[in-house]
Amino acid sequence: MSRYVMVIDTRRCVGCHDCVVACKTENGVPEGYSRDWIVEEAHGKYPTVQLELRSDRCNHCDNPPCVSCCPTGASHVHERGGVVLVTHDKCIGCKACLAACPYDARFIHPDGYADKCTFCIHRVEVGLDPACVSVCPTHCMHFGDIGDPQSEVSQLLNSRPHHTLIPEAGTKPCIFYLT
Amino acid sequence: MIALTELTVLRHNPLVDPTLHVWQWQIPIYLFLGGLVAGLMIIAGVRLIAIRPKQREALVCCTIGPLVGLAFLSLGMLVLFLDLSHKLFVWRLYTTFQVTSPMSWGSWILLLVYPALLGNALAHLPEAIPALANRFPVLVTWSDFILERERLVLAIGIANVLVGIALGIYTGILLGTLGARPLWNSALLGPLFLFSGLSNAAAVLHGILVVTTPDEERPAFADFLLSSLARLVKARPLDKKVAPVLAGADNSFLTIELCLLCLFLIGQSSSTGAHQQAAGLLLTGSYAAAFFVFVIGLGILLPLVLQTLELNKRIQRTLAPAMLVVFGGLALRFILVFAGQESHWFQALN
């Protein structure tokens with residue numbers, strides 16, 4: 010069974026926002042809203058401070074709290090690749106999923122429903138990469154099936170140290186950051 | 626030199642950044658009214674079961690309580706509806722049952738609340754509001770139908786108690802299951818909101834009894850303000866005996882609520898870094914002053930003292946403790962909802 014994940018090489022990411030612009034263009038994200046964004050995380054003790062640049066979005070968790078709290082079933086796990094999606098005409102706009110997401114990855118679309126990254130499932134279903142992955146000028150983003158040991162994402166995760174975001178929240182996120 | 630982790634998130638989604646604020650005034654009011662209705666149901670249910678031999682003598686708890694509850698519940702559902710951002714699709718709540726979603730449980734529980742409260746109110750409606758019964762004689766028929774069947778009275782009482790407990794706990798669990806907000810992530814919020822709702826309900830009923838009991842020393846302006854309520858409800862001898870029971874029960878509920886709040890804060894303070902920082906919002910942070918003054922001081926400790934003095938006949942019975950308890954219950958929901966949205970796992974990195 011396929012399981013789509015994204016692997017992002019934080020050593021290659023330069024924080025150029027191309028992924029953000031591509032997502033907005035591809036998905037018609039309204040002005041003032043973002044399905045993906047850049048995070049700068051500085052940590053350490055001066056002068057040995059490290060800066061990690063990364064592109065963040067919905068983590069399409071294996072244990073998604075936004076799905077389990079949804080009262081109408083609008084938030085659901087897609088049969089293909091375990092992608093977490095929202096059915097717009099089932100969403101009542103109660104905002105429980107926004108409160109349940111530890112990554113603050115969702116927002117309320119101006120039309121009233123909860124919105125978020127879809128891994129560009131409409132592109133993936135026709136064999137293309139998500140828009141953000143396809144435009145990245147440093148090729149720091151990789152998308153694929155972690156269930157396939159020969160896939161690029163599986164091989165990267167086997168060969169490089171990596172981390173996920175807030176693993177202690179227990180959501181089993183499916184975006185991995187190479188360090 | 627201190628080691629730091631500094632996050633700069635280049636995103637500004639409305640209602641999400643810089644800190645989550647998706648739930649505004651509507652949700653605390655809905656949670657408050659839900660808890661209050663739960664408390665009214667439990668008290669009215671217990672009272673209905675307890676007074677079965679003297680059914681024709683019940684008034685405030687068994688009729689006005691459920692009637693007030695029906696009004697508050699409808700108001701609560703209205704503010705909940707106002708909070709929805711995709712309002713035209715609200716009917717989707719009732720096309721499915723999502724077993725893992727507390728909100729789905731709540732929406733179906735709310736459907737059970739109406740018939741339970743209505744059955745409880747109908748049992749004594751003709752005595753409570755004779756004018757209404759004269760205009761609609763069918764109310765007398767329904768009341769007689771219920772009161773002539775002791776098992777039905779018992780079933781309505783038990784239904785009110787059980788659905789009331791479910792509703793009261795649900796208002797806390799709704800927040801408690803949202804693990805992304807460390808401040809809310811405690812199962813104690815269920816019983817905390819239940820007992821807070823019970824104390825609010827006891828205070829409301831006690832307040833109604835205080836204003837409807839004839840009192841020559843009551844200031845004229847108070848009579849003017851409360852005259853419409855006093856005209857509708859007239860305390861009977863049985864109800865007058867209930868007043869000190871309600872005040873005593875309210876003291877017990879407030880004491881339990883205070884203990885649960887302490888346990889909740891102990892649990893948070895001894896958990897992960899994120900939970901400790903979340904508890905800090907209430908104990909030493911930006912919400913500490915409001916929490917200690919409005920919830921602990923004015924909402925729990927002061928009414929406890931006043932009601933104890935009233936029960937010992939050291940001071941005259943007034944509306945003050947009831948109003949303070951209700952205000953404290955409302956403040957608790959507002960502070961927990963707003964502080965909870967500010968609490969976050971990422972903060973523990975700093």
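So the protein sequences, as listed, match chains V and L. Numbering-wise (the numbering used here), the first sequence opens with residue 10 and increments by one. Numbering-wise (the numbering used here), the second sequence opens with residue 626 and increments by one. Backbone N, C-alpha and C fix where the C-beta goes; we use that ideal spot for every residue, glycine too.
Residue burial classification, residue i (beta-carbon count within 10 angstroms, cutoff 16)
i	result
K104(V)	buried
C887(L)	exposed
K99(V)	buried
G41(V)	exposed
Q59(V)	exposed
L187(V)	buried
D113(V)	buried
R760(L)	exposed
G801(L)	buried
T796(L)	buried
W716(L)	exposed
C884(L)	exposed
Interface flag, residue i vs chain L, CB-CB below 9 Å
i	result
K54(V)	yes
C67(V)	no
D27(V)	no
G91(V)	no
Y186(V)	no
S163(V)	no
E35(V)	no
K99(V)	yes
C78(V)	yes
Residue nearest to residue i in terms of C-alpha spacing, selected from the options
i	options	result
E967(L)	A758(L), R717(L), A904(L)	A904(L)
L779(L)	V867(L), A741(L), G731(L)	A741(L)
V76(V)	T180(V), Y186(V), I184(V)	T180(V)
V788(L)	G804(L), N745(L), N876(L), L830(L)	N745(L)
N68(V)	G90(V), V14(V), G156(V), R89(V)	V14(V)
G954(L)	G832(L), A753(L), E882(L)	E882(L)
A938(L)	G965(L), T796(L), G873(L)	A quick correction: the sequence has Lys, not Ala, at residue 938(L). Ranking G965(L), T796(L), G873(L) by Cα distance to K938(L) puts G873(L) first.
R20(V)	K33(V), K125(V), E177(V), H172(V)	H172(V)
Y122(V)	H711(L), L645(L), F820(L)	H711(L)
L936(L)	T633(L), P869(L), G832(L), C884(L)	P869(L)
F878(L)	L834(L), I668(L), V634(L), G892(L)	I668(L)
R12(V)	C79(V), N72(V), C78(V), K125(V)	N72(V)
Chain V within 9 Å of residue i, Cβ atoms only
i	result
G905(L)	no
P740(L)	no
R717(L)	yes
T633(L)	yes
R806(L)	yes
Q723(L)	yes
A628(L)	yes
M728(L)	yes
Nearest-angstrom beta carbon gap, residue j and residue i [assumed within contact, 8 Å]
i	j	result
P39(V)	H151(V)	Contact doesn't hold; Cβ gap of about 28 Å is too wide.
Y719(L)	S699(L)	Not a contact, Cβ separation roughly 17 Å.
C687(L)	L830(L)	With a Cβ gap of about 10 Å, C687(L) and L830(L) do not count as contacting.
L665(L)	G690(L)	5 Å
A1031(L)	P807(L)	Given that chain L is displayed from residue 626 to residue 975, the structure contains no residue 1031(L) and the question cannot be resolved.
A663(L)	G822(L)	5 Å
A805(L)	P74(V)	6 Å
Other residues of its chain near residue i: CB distance less than 7 Å, five sequence neighbours each side excluded
i	result
S64(V)	I17, C22, C28, D45, I47, C141, M150
T127(V)	V92, L94
L777(L)	I771
L165(V)	V16, H151, L187
8 Å CB neighbourhood of residue i in its chain, flanking five on each side removed
i	result
T880(L)	L929
V641(L)	V647
G102(V)	I117, G121, Y122, A123
T81(V)	K99, C100, I101
Q893(L)	P807, L808, S811, H900, Q901, A903, A904
L907(L)	L808, L890, A913, F916, I960, A964
Cutoff 6 Å; reference residue i; Cβ partners in own chain excluding five residues on either side
i	result
V135(V)	none
I798(L)	P727, G815
S160(V)	G153, D154
L944(L)	G832, V835
Y655(L)	G701, V704, L705
Heavy atom of the ligand NAP within 8 Å of residue i beta-carbon
i	result
G731(L)	Ligands are entirely absent from the displayed structure, and the ligand NAP is therefore not among its contents.
Under 8 Å by beta carbon: chain C residues contacting residue i
i	result
I117(V)	In the structure shown, chain C does not exist; the protein chains are V and L.
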